[in-house]
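Structure record follows, encoded as structure tokens.
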Amino acid sequence: MSPIVQRIVLAVLAISGVFSTDIDLQTCIDNFNVHRDKIIRTQDSQNMGAKYLNEIDLGSREECLRLCCETDNCDVFVFEEKNSGSCYLFHCGPPEDFKCKFTHHVNYSSAVLSINRHLPDLESQIKLTKHEQDLTKLRRLEPETDVLKTAVFDEKTRSLFPQLR
Ligand SMILES: *[C@@H]1O[C@H](CO)[C@@H](O)[C@H](O)[C@H]1NC(C)=O
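Going by mature numbering (1 follows the signal peptide of the UniProt record, and there is no 0), the letters in the sequence shown line up with residues -20 to -1, 1 to 145, in that order.
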């Protein structure tokens, strides 16, 4: 492949969102919320689209947390609270599209990553920029009608709250 073609291919891949950057390890470690006495409802979660990734015996919850952060797509882990307990790793999805359910169990802890693992890729960034532009465009549209709307709103507010009169 000639260098120019290579660059075009890379640009297309980048725009189509094939590359997205992961948050760094420390950010991941710092953003887990641990819930003591909770176990995942495996069937319900899988039915909702959660993915089971891996299980391994580890000495502590901290090691389990770290392993989750080092594992691609892991955003939830469940640790059996004992020495050399089972550490289960799951992909439950980002907070805005979370697919896991939990229930009470004294011998387990469950922990949820409270932020999205993937930084928005280029494609989402472009979309976000467009949404922002669309929104701010509203602000610049015909400022005089804004004054009118404010007046109408005030009249409405006053009728709703007569004590303001
Ligand atoms: C929790 O673990 C202890 C010790 O292994 C066991 O005796 C107990 O039955 C467990 N509790 C539940 C709810 O499974």
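We put the CB at the ideal spot given by N, CA and C, even for glycine.
As the structure is a computational prediction, the values presented were derived from the model and not from experiment.
For a test of the three-state rule: what should DSSP assign to residue i, helix, strand or coil?
i: residue 27; result: helix
i: residue 116; result: helix
i: residue 97; result: coil
i: residue 4; result: coil
Is the beta carbon of residue j closer than 7 Å to that of residue i?
i: residue 88; j: residue 19; result: yes
i: residue 13; j: residue 92; result: yes
i: residue 59; j: residue 46; result: no
i: residue 15; j: residue 104; result: no
If you draw a straight line from the alpha carbon of residue i to that of residue j, how long is it in whole angstroms?
i: residue 50; j: residue 57; result: 12 Å
i: residue 107; j: residue 98; result: 16 Å
i: residue 72; j: residue 112; result: 28 Å
i: residue 78; j: residue 52; result: 17 Å
i: residue 11; j: residue 116; result: 32 Å
i: residue 68; j: residue 43; result: 12 Å
Does residue i pass the burial test, meaning 16 or more other C-beta atoms within 10 Å, or should it be called exposed?
i: residue 55; result: buried
i: residue 39; result: exposed
i: residue 65; result: buried
Mind reading off the beta-carbon distance from residue i to residue j? Whole number of angstroms is fine, and I expect it under 8 Å.
i: residue 17; j: residue 85; result: 7 Å
i: residue 120; j: residue 82; result: At roughly 46 Å, the Cβ-Cβ gap does not stay under 8 Å, so residue 120 and residue 82 are not in contact.
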